[in-house]
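Enquirer: A single structure is presented below for examination.
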Amino acid sequence: MAAVRDGEFAALQSLLKAPSRDAVRQLCQECFSSPPAGLGPLAQRVCPGLAAGPEEAEQLVSALHNLTRHVVYRGLTRAEDILSLFPENFHQNLKNLLTKIILENISAWRNEAQASQISLPRLVDMDWRVDIKTSSDSISRMAVPTCLLQLKIQEDVALCGNSPVVSALTVELSKETLDTMLEGLGRIRDQLSAVANK
Amino acid sequence: VSSQQFSALTEVLFRFLTEPKEVERFLTQLSDFATMNKISLGPLKNIVKSILLVPNGALKRNLSSEQVRADFIALASLNWSLACLLLLQWKVNSPTLTRLAVGQTLMINQLIDMEWKFGVTAGSSELEKVGSIFLQLKLVIKKGSQMENVYIELTLPQFYSFLHEMERVKTSLESFS
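Protein chains in written order, with UniProt numbering: chain A, 1 to 198; chain B, 1 to 177.
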């Protein structure tokens, strides 16, 4: 996330017209969470209260979005670091308010960013059951246990937006396959502990 | 055909049944047998076909020994002593043949293979420094006659929970074996 430009800080001054601290807080959260594409509609909602016209509203919303995302990107956690982002002549009280709001939300925002980062389809849930096969067309009597594993997989969050697509995949494992799989998983666990202990 | 010669033939037949992929070898052995014993191959093949049907039917219908022997006599027009020889071979080989039949039983979306890698996410477009561990699994699944690859990503807690569940499955499967 590129650093916030001076012109954008000027746009933030529109916040001085906000009715309350909570309104500013609310707006900060909405601007952070909104993807760049959603900023337009957000600006239109903001327009009547805070800004003189649609252009000013857009600039405000965009500036707030960039500021909050920049702080999260850089991982700034100290008040001094955030305060130092603002230009010299920025309104003192507004600067302090914005810094306070950002600090309150920083860890939630960080988690949000991590949750929505690109990834392969994610496992969201798994269920299993063990069946005993008693007969089939090739042999009429047997007692073979087998495992059915259902994995619920969610497609890439970034692609789905607000309506994530979750698909269910049911897989059958024989005992031998399960043993091999457990061997592999055990090796992963050993390697993870080796890495954790370093 | 003497008992000794027939014994040799039954050995050939059952070796084929327990290793059904060795078709070439079976056909060669069959024609060798025909030549050595001065029998013509055509009629021999017909008899062999009938004989080979009996073990499959036996597994499908869970036949008793007497029933199997009766089938050998009825379907392959063999006399009592030859049928007994075949029955003996059937009993010896039936664990292997059973295992093969079980292996052929229908499996839905069978898991064939699993590959994995894990690493650390260093940074992203939203977060300059991340440092979180990811685990990626590639599952190779047989859907009908085709293979399908499924890629999944797990977080660390999910991995441990997955491992724990799989160990529970193993315990469950073992208690039923």
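Each residue gets a CB set at the ideal place from its N, CA and C atoms; glycine is no exception.
For T121 of chain B, which residues in the same chain have their Cβ closer than 7 angstroms to its Cβ, ignoring the five residues on either side in sequence?
Expert: The residues are V130, S132, F134.
Enquirer: Pair every Cβ in the region 19-29 of chain A with every Cβ in the region 70-79 of chain A, then say whether three or more of these pairs are closer than 8 angstroms.
Expert: Too few Cβ pairs lie closer than 8 angstroms, so no.
Enquirer: Can you grab the Cα-Cα spacing for the pair V68 of chain B / V54 of chain B, in whole Å?
Expert: Roughly 7 angstroms between the two C-alpha positions.
Enquirer: Suppose the cutoff is 7 angstroms on Cβ atoms and the five residues either side in sequence are ignored; what does the same chain contact list for Y151 of chain B look like?
Expert: These residues qualify, in order along the chain: Q136, K138.
Enquirer: Quick one: what does DSSP say N197 of chain A is sitting in, helix, strand or coil?
Expert: Helix at N197 of chain A.
Enquirer: K170 of chain B touches chain A at which residues, Cβ-Cβ below 9 angstroms?
Expert: The answer, in chain order, is C147, K175, L178, D179, L182.
Enquirer: So what does DSSP say about V4 of chain A, is it helix, strand or coil?
Expert: The answer is coil: DSSP assigns V4 of chain A none of H, G, I, E or B.
Enquirer: Would you please verify whether the beta carbon of S125 of chain B is less than 9 angstroms from any beta carbon of chain A?
Expert: Yes - at least one Cβ of chain A is within 9 angstroms of the one on S125 of chain B.
Enquirer: When the Cα of S167 of chain A is compared with those of A:T177, A:D156, A:L173, which residue comes out closest?
Expert: The shortest Cα separation from S167 of chain A among A:T177, A:D156, A:L173 belongs to A:D156.
Enquirer: Between L173 of chain A and L148 of chain A, is the Cβ-Cβ spacing less than 9 angstroms?
Expert: Yes, Cβ-Cβ distance for L173 of chain A and L148 of chain A is below 9 angstroms.
Enquirer: Taking 9 angstroms as the CB-CB cut-off, is G38 of chain A touching chain B?
Expert: So no, G38 of chain A is outside the interface.
Enquirer: Under 9 angstroms between C-beta atoms, does S138 of chain A make it to chain B?
Expert: Cβ-Cβ to chain B under 9 angstroms: yes for S138 of chain A.
Enquirer: Spatial neighbours of N197 of chain A within its chain, please: C-beta separation below 7 angstroms, excluding the five flanking residues on both sides.
Expert: Correct list: empty, nothing qualifies.
Enquirer: Do V192 of chain A and F118 of chain B have their C-beta atoms within less than 9 angstroms of each other?
Expert: Reading off the sequence, residue 192 of chain A comes out as Leu, not Val. Yes.
Enquirer: Report yes or no: do three or more beta-carbon pairs, one from the region 60-75 of chain B and one from the region 36-49 of chain B, lie closer than 8 angstroms?
Expert: Segments in contact, no.
Enquirer: Within the 9 angstroms Cβ cut-off, does F16 of chain B reach chain A?
Expert: Answer no: the Cβ-Cβ gap between F16 of chain B and chain A never drops below 9 angstroms.
Enquirer: If we cut at 9 angstroms on Cβ distances, does T170 of chain A have a partner in chain B?
Expert: Yes, its Cβ sits closer than 9 angstroms to a Cβ of chain B.
Enquirer: Compare the C-alpha of S14 of chain A against each of A:I102, A:R189, A:Q59, A:S138 and name the closest.
Expert: Among A:I102, A:R189, A:Q59, A:S138, the Cα nearest to that of S14 of chain A is on A:Q59.
Enquirer: Leaving out five residues before and five after N79 of chain B in sequence, what residues of the same chain have Cβ atoms less than 8 angstroms from its Cβ?
Expert: Result list for N79 of chain B: I73, in chain order.
Enquirer: Please confirm whether L59 of chain B and T18 of chain B have their CB atoms less than 9 angstroms apart.
Expert: No; because the gap between Cβ atoms is not below 9 angstroms, this pair is not in contact.
Enquirer: In the DSSP assignment, find the alpha helix (DSSP H) that holds K170 of chain B and state where it starts and stops.
Expert: Here the alpha helix (DSSP H) through K170 of chain B covers 156-176.
Enquirer: Taking the continuous beta strand (DSSP E) assigned at R129 of chain A, which residues delimit it?
Expert: Per DSSP, R129 of chain A belongs to the beta strand (DSSP E) from 122-133.
Enquirer: Just grab the DSSP bridge partners of residue 214 of chain A for me.
Expert: Chain A is shown only over 1 to 198; residue 214 of chain A falls outside these bounds and no answer can be derived.
Enquirer: Looking at the C-beta of I51 of chain B, does it have a partner C-beta in chain A at a distance below 9 angstroms?
Expert: Chain A, which has no Cβ nearer than 9 angstroms to the Cβ of I51 of chain B, makes this no.
Enquirer: Can you tell me whether DSSP reads Q117 of chain A as helix, strand or coil?
Expert: Q117 of chain A falls in the coil class under three-state DSSP.
Enquirer: Alpha carbon to alpha carbon, how far is A143 of chain A from G177 of chain B? Give it in angstroms, no decimals.
Expert: Residue identity differs from the one stated: residue 177 of chain B is Ser in this sequence, not Gly. S177 of chain B and A143 of chain A: Cα-Cα distance of roughly 8 angstroms.
Enquirer: Short of 8 angstroms in beta carbon distance, which residues of its chain neighbour L120 of chain A, apart from the five on each side in sequence? Order them along the chain.
Expert: Excluding sequence neighbours, L120 of chain A sits near D156.
Enquirer: Taking all protein chains shown into account, decide if M166 of chain B is buried (16 or more other Cβ within 10 angstroms of its Cβ) or exposed.
Expert: M166 of chain B comes out buried.
Enquirer: For D127 of chain A, collect the residues of the same chain with a Cβ closer than 6 angstroms to its Cβ; drop the 5 residues on either side in sequence, then sort them by chain order.
Expert: If we look at D127 of chain A and ignore the five residues flanking it on each side, its Cβ neighbours are Q150.
Enquirer: Spell out whether any CB of chain C is found under 9 angstroms from the CB atom of Q67 of chain B.
Expert: Among the chains of the structure shown, chain C does not appear; the protein chains present are A and B.
Enquirer: Classify D71 of chain B: buried if its beta carbon has 16 or more other beta carbons within 10 angstroms, exposed otherwise.
Expert: Under this definition D71 of chain B is a buried residue.
Enquirer: Look up G38 of chain A in the DSSP assignment and say whether it is helix, strand or coil.
Expert: Three-state result, G38 of chain A: helix.
Enquirer: Between which two residues does the alpha helix (DSSP H) carrying F90 of chain A extend?
Expert: First-last for F90 of chain A: undefined, no H or E at that position.
Enquirer: Would you kindly work out how many angstroms separate the C-alpha atoms of S172 of chain B and L178 of chain A, rounded to a whole number?
Expert: For S172 of chain B and L178 of chain A, the distance between alpha carbons rounds to 12 angstroms.
Enquirer: Can you pull the chain A neighbours of M147 of chain B, defined as C-beta to C-beta under 8 angstroms?
Expert: By Cβ distance, chain A contributes nothing, its closest Cβ being about 13 angstroms from M147 of chain B, past 8 angstroms.
Enquirer: Give a yes or no on whether the minimum CB-CB distance between Q191 of chain A and chain B is below 9 angstroms.
Expert: It does; some Cβ of chain B falls within 9 angstroms.
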